[in-house]
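Peer 1: Protein chains in written order, with the working numbering: chain U, 24 to 381; chain C, 512 to 821; chain H, 9 to 270.
Structure incoming, see below.
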Amino acid sequence: MFYRESGQLKSSYPADQAIFPIAQDRWFVIGVLAAAFLVIPFFLNQYWANAVLLPFLVYALAGLGLNILTGYCGQVSLGTGAFMAVGAYASFKFVGFFPELNFLIVLALSGVITAVVGMIFGLPSLRIKGFYLAVATLAAQFFLVWMFNKVGWFYDYNLTGMITVRPIDFFGIRITGPEATPAAKYLFTLTVVCVLALSAKNIVRGRIGREWMAIRDMDIAAELIGIRPLRAKLSAFAVSSFYIGVAGALYFAVYLGAVEPVEAFDINQSFYVLFIIIIGGLGSVLGAFLGAAFIVLVPILLKNIMVGGMGFDSGMAGHVEILLMGMLIIFFLIVEPHGLARLWQIAKEKLRLWPFPH
Amino acid sequence: MGFDIFLLEVILSGLMTGVMYALVALGFVLIFKASGIFNFAQGVMALFAALALYDFLAEDGWFFAVFGFTLPVWLAIPATIVVMIVLAWVIERTVLRFLVKQNEIILFMATIGLAFVLEGLGDILFGSDVKPLDIGIPQGASDWLLDSFNLYLEKLEIFAAGTAAVLVVVLAIFFQRTRIGRALRAVADDHQAALSVGISLDKIWVIVWSVSGIVALVAGIMWGSKSGVQFSLSLIALKALPVLILGGFTSVPGAIVGGLIIGVGEKLAEVYIGPMVGGAIENWFAYMLALGFLLFRPQGLFGERIIERV
Amino acid sequence: MSSEQATETLLQVDAISLSFGGVHALVDVSFDIRKGEVRSIIGPNGAGKSSMLNVINGFYHPQKGTITYQGQARKQMRPHDAAAGGIARTFQNIALFKGMSTLDNIMTGRNTHMSKSLFWQALRIGPAQREEIEHREFVEHVIDFLEIQSIRKTPVGRLPYGLQKRVELGRALAAEPTLLLLDEPMAGMNLEEKEDMSRFILETNDEFGTTIALIEHDMGVVMDISDRVVVLDYGRKIAEGTPLEVRANQNVIDAYLGVSHD
């Protein structure tokens, strides 16, 4: 009724290829962005920023990265935690060497370092596929975490083995450390994530994105029509790792402030991000955001209901969380392998037809 | 002379650990051979089996709470086997049945979900503290070996090696000689084709996952007796992956050989290279070794070559 | 029906032998394909026809023999060289990218012609956008040619078999190939669909001068649209020539056990 695309005719290819071709979608997204940038900062408090919004943004970014590799290009990776660590430690070292460097540049450089590491560990993908590749990424996961733990240079020989972020100013506004306001942290992270999300959307709907999807769907045919598997897979690893590295840097510097490699970047983290994209939707930019929202909010909800409402202890809540996650993974894989993003799409299609059933 | 003995002990110790890895890997191979599914939940199944066994045996478990007595070992083990068979049936009905035609990555991720479900369930039902498991396997070092050869070897590990050997022989016979074994191999090759010759997929899968569950139980018993029943048991599953890569995903003897190589390799690396780089090499050595294999011999030592057709 | 008989050779295979383990897929096969012609490869099932196409494409590497394409002789092709050199193909069991739409699938055919770097792709304005539009226009011409406008946004996995085959042809045509390899393009089609497909193939050959190598079982089609024919049986070449010559050849008749169409 009010959500129709008839009458919205396109007279040029750019218009047809726009990210949001339907006018109502455009308005909706503009509304959400306006609320995110202009309204939320005023209502933000420490708790909401630290427990909900910052982790949501950081994990959405990591999910975007992993989705590029696994959802769009079909290369399974269990090394996300370790790549986040690379980004985090890279940012730590850069800030240590060049304290006056603009933090955006630090983030970009950390991303590049992670992209290089990602490409190196992605080289095996040329010869191996599927879960064999997953094992190769496990090698990256365990080796890198061990390295960050053992090699003192990475954590400036700090006795605790942890790395702590310095207070960093961004054009005069403090964005890391205890003196940064939640609003500052939030807006900075939000901007970075939005810019990167837009770039990701542009890449996946262009030539490179099609190459990735071709490799995912039928790599032999892709090679035979002239796509170079080497270039496509390595570029997927590079771009994906860039995103994950930036996410890791933000995770460390802006969100947590201090990390210790085994806890923050271990194999569980890799699973966590994998779950985000499975639940959110493989091969979808929106999916990364939906999945991240889901995964950040569900434990909080659980805790509130179980610990606050029903009086269980938080350990039990943690176990139920694990159980629930597993069940949801299985549920989504069986019922809707394209995750929440596809469900969202179906809902929109139904809305388009409303009030008619089909 | 003392150095040689030390090296021998390290190797033997590695071999023993390798046997333990092989036990877990065996369960993987079974399921993969028969259904083409890589069951990430294998390690958690070992943990779950061990937890269930503990529950039958101990006075702080559900069984005691409900029935007022605990089972003796010779009853507890069959009871646990029944539990694993029921579990296999449930898994087939709620998960496998719906994923019949999906590609292997989806199936793999579903087993990751399954691993989490079993882990959460295990924690909720049985609690997450470490539980000692004593079913009468001889503990402690072998005195005879110590006295005759000056070798320190645990009786438990020798027992585990023996059990593994028996298991391998039984399974090999099962797959090669029996009608069910043949059917299992058909199913692994092509689900649709197997269905079309009348092989009942769901029955087959229940059988395979049950057998795998029993293998998991054996692994769980061995590991649990050695270091208590605890969460880290499920992490062994991750270690089984390099074992399978070395041995080949479809080979029963390969799982054993792969396990032994990884076990020995890890120990040697830890002892001789470890001190130079700060130790804990065992965390990643197996995976790096597997990575090397993946690059140069992806089918492993005993696996089948994959030929692609267009 | 047939284009000018140009005597320039586009592709020449000499003494190609290919085996897998103990199976001899191709044994000492030699023939040529002239520029601008429609060359059919026929033979009973298992004769090695698809393997021959795979060798030309660079997917299989023959143990013996050489391939001479556009004057350059090679022991074996690499898929990327084949594609860059203007060889495109369709597959016996449709090899479309099931997760993408018709439009995107055909756009992948343009891949060898597109080159804007990652940086511009991420920004999308400027060079990458222009390149995308330019190639979109070309692809739309292909879509018009094949009359599949109405399904351009549909995910190909949902299309019926006949349309999928057409989309696959579109992907091959989008590459502006010099040599088009078609592996049983009519398989599983009804009469109407076959007529359409034959029309597309002939128009491609006529209007764009594309050389076509065609594997086909339907003898009626082969007789109608081919300039010359090669017959394979058990991996060997047993006859070649014009359709009429081949049809009258006793070896060919024996190979097919007396099955004749038309």
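Note that beta-carbon positions come from the ideal geometry of N, C-alpha and C, so glycine has one too.
For H/H269, count the other beta carbons within 10 Å of its own beta carbon; 16 or more makes it buried, fewer makes it exposed. Which is it?
Peer 2: Low per-residue confidence applies at H/H269: pLDDT is 45, beneath 50, and the placement is therefore not dependable, though the value from the model is reported in the following sentence. H/H269 comes out exposed.
Peer 1: For C/Y565, return the contacting residues in chain D, with the cut-off set at a CB-CB distance below 7 Å.
Peer 2: No chain D is part of this structure, whose protein chains are labelled U, C and H.
Peer 1: Is there a Cβ from chain H that is less than 8 Å from the Cβ of U/L363?
Peer 2: U/L363 does not count as touching chain H.
Peer 1: If you scan the region 33-121 of chain H from start to end, which runs of the beta strand (DSSP E) of 3 or more residues do you find wholly inside it?
Peer 2: As far as the region 33-121 of chain H is concerned, its whole beta strand (DSSP E) runs of at least 3 residues are 46-50, 72-77, 80-82 and 95-97.
Peer 1: Measuring CA to CA, which of C/V530, C/L537 and C/S546 is closest to C/R693?
Peer 2: Answer by Cα proximity: C/S546.
Peer 1: Does the CB of H/A103 have a neighbour CB from chain U at under 8 Å?
Peer 2: Cβ-Cβ to chain U under 8 Å: yes for H/A103.
Peer 1: Leaving out five residues before and five after C/L526 in sequence, what residues of the same chain have Cβ atoms less than 7 Å from its Cβ?
Peer 2: If we look at C/L526 and ignore the five residues flanking it on each side, its Cβ neighbours are L771, G774 and V775.
Peer 1: When the cut-off is 8 Å and only beta carbons count, does C/V606 lie next to chain U?
Peer 2: With 8 Å as the cut-off, C/V606 counts as an interface residue toward chain U.
Peer 1: DSSP three-state call for H/R132: helix, strand or coil?
Peer 2: Correct three-state label for H/R132: coil.
Peer 1: Do the CB positions of U/I267 and U/A85 come within less than 8 Å of each other?
Peer 2: Their beta carbons are under 8 Å apart, which means U/I267 touches U/A85 by this criterion.
Peer 1: Could you tell me the alpha carbon to alpha carbon distance between H/M9 and H/I49, rounded to whole angstroms?
Peer 2: Unreliable placement is indicated for H/M9, whose pLDDT of 43 sits below 50; the coordinate value is still reported in the next sentence. Using only the alpha carbons, I get a separation of about 18 Å.
Peer 1: With 16 other CB atoms within 10 Å as the buried threshold, where does C/E795 fall?
Peer 2: Just to set this straight, residue 795 of chain C is Trp in the shown sequence, not Glu. That one is buried.
Peer 1: So U/A108 and U/P284 are in contact, right, with Cβ under 8 Å, and what is the actual spacing, rounded?
Peer 2: Yes, they are in contact, since the Cβ atoms of U/A108 and U/P284 sit about 6 Å apart, within 8 Å.
Peer 1: Can you give the Cα-Cα distance for H/V21 and C/L746, rounded to whole angstroms?
Peer 2: Answer to the nearest angstrom: the Cα atoms are 55 Å apart.
Peer 1: Nearest to C/F637 by CA position, among C/D645, C/G803, C/A576 and C/R688, is which residue?
Peer 2: The option with the nearest alpha carbon to C/F637 is C/A576.
Peer 1: In chain U, which residues lie less than 9 Å from H/F146 when you measure between Cβ atoms?
Peer 2: Residues of chain U passing the Cβ test: none, with the nearest at roughly 11 Å.
Peer 1: Is the beta carbon of C/A626 less than 8 Å from the beta carbon of C/V535?
Peer 2: No, Cβ-Cβ distance for C/A626 and C/V535 is not below 8 Å.
Peer 1: When you compare the CB positions of H/T219 and H/G79, do they come within less than 8 Å of one another, or not?
Peer 2: Cβ atoms of H/T219 and H/G79: not closer than 8 Å.
Peer 1: Considering only residues of the same chain and omitting the five flanking positions on each side of U/N68, which have a CB-CB separation below 8 Å?
Peer 2: These residues qualify, in order along the chain: P205.
Peer 1: Is the region 146-165 of chain H close to the region 248-261 of chain U, with three or more CB pairs under 8 Å?
Peer 2: No, the region 146-165 of chain H is not in contact with the region 248-261 of chain U.
Peer 1: I need the straight-line Cα distance from U/L210 to U/Y278, nearest angstrom please.
Peer 2: About 12 Å.
Peer 1: Assign H/L19 to buried or exposed, taking buried as 16 or more other Cβ atoms, counted over all protein chains shown, within 10 Å of its Cβ.
Peer 2: Answer is buried; the Cβ neighbour count reaches 16.
Peer 1: Starting from H/A247, follow the beta strand (DSSP E) in both directions and report where the run begins and ends.
Peer 2: R244 to G249 is the extent of the beta strand (DSSP E) around H/A247.
Peer 1: Report the partner residues of C/K642 according to the DSSP bridge assignment.
Peer 2: C/K642 is bridged to C/V740.
Peer 1: Hey, which unbroken runs of the alpha helix (DSSP H) at 4 residues or more fall wholly within the region 45-97 of chain U?
Peer 2: As far as the region 45-97 of chain U is concerned, its whole alpha helix (DSSP H) runs of at least 4 residues are 46-57, 63-66 and 77-89.
Peer 1: Can you tell me which residues form a DSSP beta bridge with U/R230?
Peer 2: Note: U/R230 sits in no beta bridge, so no partner.
Peer 1: To be precise: take each residue of the region 30-52 of chain U, compare its Cβ to all Cβ atoms of chain H, and keep it if any distance is under 8 Å. Which residues remain?
Peer 2: Under the 8 Å Cβ criterion, the region 30-52 of chain U contributes Y36, P37 and Q40.
Peer 1: Since U/G304 contacts U/A364 with CB under 8 Å, what's their CB separation in whole angstroms?
Peer 2: So it is a contact: roughly 3 Å between Cβ atoms.
Peer 1: Run through the DSSP bridge pairs and tell me what U/S307 is partnered with.
Peer 2: Note: U/S307 sits in no beta bridge, so no partner.
Peer 1: According to the neighbour-count rule (16 or more other Cβ atoms, all chains shown, within 10 Å of its Cβ), is C/T528 buried or exposed?
Peer 2: By the neighbour-count rule (16 or more Cβ atoms within 10 Å), C/T528 is buried.
Peer 1: Helix, strand or coil for H/T17? Go by DSSP, reduced to three states.
Peer 2: Note: H/T17 maps to strand in three-state DSSP.
Peer 1: Exposed or buried, what is U/Q98 when buried is set at 16 or more other beta-carbons lying within 10 Å of its beta-carbon?
Peer 2: It is buried - the Cβ of U/Q98 has at least 16 other Cβ atoms within 10 Å.
Peer 1: Is it true that the CB of C/L712 sits closer than 8 Å to the CB of C/V611?
Peer 2: Taking 8 Å as the Cβ cut-off, C/V611 and C/L712 qualify as a contacting pair.
Peer 1: With which residues is H/I223 paired in a DSSP beta bridge?
Peer 2: Answer is H/I49 and H/D191.
Peer 1: Report yes if the C-beta distance between U/V227 and U/V308 is below 8 Å; otherwise report no.
Peer 2: Yes, the pair counts as a contact, with Cβ atoms nearer than the cut-off.
Peer 1: Cβ closer than 7 Å: which chain U residues qualify as neighbours of C/F609?
Peer 2: The contacting residues are I357.
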